[in-house]
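Rendered as structure tokens:
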């Protein structure tokens with residue numbers, strides 16, 4: 094539930110947010126259309142002289158009442174849409190944070206593996222170098238020359254290894 098490898102939850106949250114955004118736009122459009130309808134009524138019917146002043150006053154009162162009811166209900170719907178949008182955004186952010194945390198855990202495991210690989214490489218490279226140099230020198234040089242050249246190289250490799258170990262601590 095927490096992790097979203099296939100992005101199914103992310104798509105669902107995105108679709109829900111888009112639906113809520115469109116619903117909010119529809120509510121705004123409804124209020125705007127209602128205002129346009131009233132303006133058209135006032136511009137077409139009022140100047141025509143078809144209705145008496147009392148009828149026009151009653152119609153204006155009815156328009157005001159209907160407008161107040163529509164705006165009140167629209168505000169409630171907008172508040173509900175806003176609340177639901179915030180809930181979905183917090184769920185989406187929680188999903189993102191959980192996924193980021195899992196990725197960080199994987200990254201730490203990978204870093205540890207790289208660290209172990211580096212340590213093994215540093216430990217065995219001088220030994221491998223000495224193992225390669227030792228047989229090459231033993232075939233070409235006499236025994237007393239072998240011991241004088243191999244000791245400093247071995248000590249240098251060990252000293253280098255100790256320095257690297259101290260720096261990593």
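Numbering (our numbering), first residue to last: 94 to 262.
The beta-carbon is built from N, C-alpha and C at its ideal position, and this holds for glycine as well.
These numbers were taken from a predicted model, which means no experiment stands behind them.
Residue i, DSSP secondary structure in three states
i	result
residue 145	coil
residue 276	Since the displayed the chain opens at 94 and closes at 262, residue 276 lies outside it and no answer follows.
residue 248	helix
residue 239	Reliability fails at residue 239, whose pLDDT of 49 lies under 50, so the model's placement of it is uncertain and no value is given.
CB-CB length for residue i against residue j, believed under 8 Å
i	j	result
residue 127	residue 160	7 Å
residue 253	residue 216	Not confirmed; about 11 Å, so no contact.
residue 178	residue 130	About 28 Å separates the two Cβ atoms, so there is no contact after all.
residue 194	residue 103	That belief does not hold up - the Cβ atoms of residue 194 and residue 103 are roughly 16 Å apart, past 8 Å.
Whole-angstrom distance between residue j and residue i, CA atom to CA atom
i	j	result
residue 173	residue 210	55 Å
residue 106	residue 164	28 Å
residue 196	residue 186	15 Å
residue 138	residue 151	14 Å
residue 140	residue 180	50 Å
residue 251	residue 208	20 Å
residue 220	residue 206	22 Å
residue 258	residue 200	23 Å
residue 154	residue 167	20 Å
residue 182	residue 176	10 Å
residue 202	residue 218	24 Å
residue 192	residue 214	33 Å
residue 132	residue 143	17 Å
Residue i - containing alpha helix (DSSP H), residue span
i	result
residue 120	101–137
Checklist entry - Are at least three pairs of beta-carbons, each pair with one atom in the region 157–171 and one in the region 118–126, less than 8 Å apart? => result yes
Checklist entry - Does the count of Cβ pairs from the region 139–152 and the region 111–119 closer than 8 Å reach three? => result no
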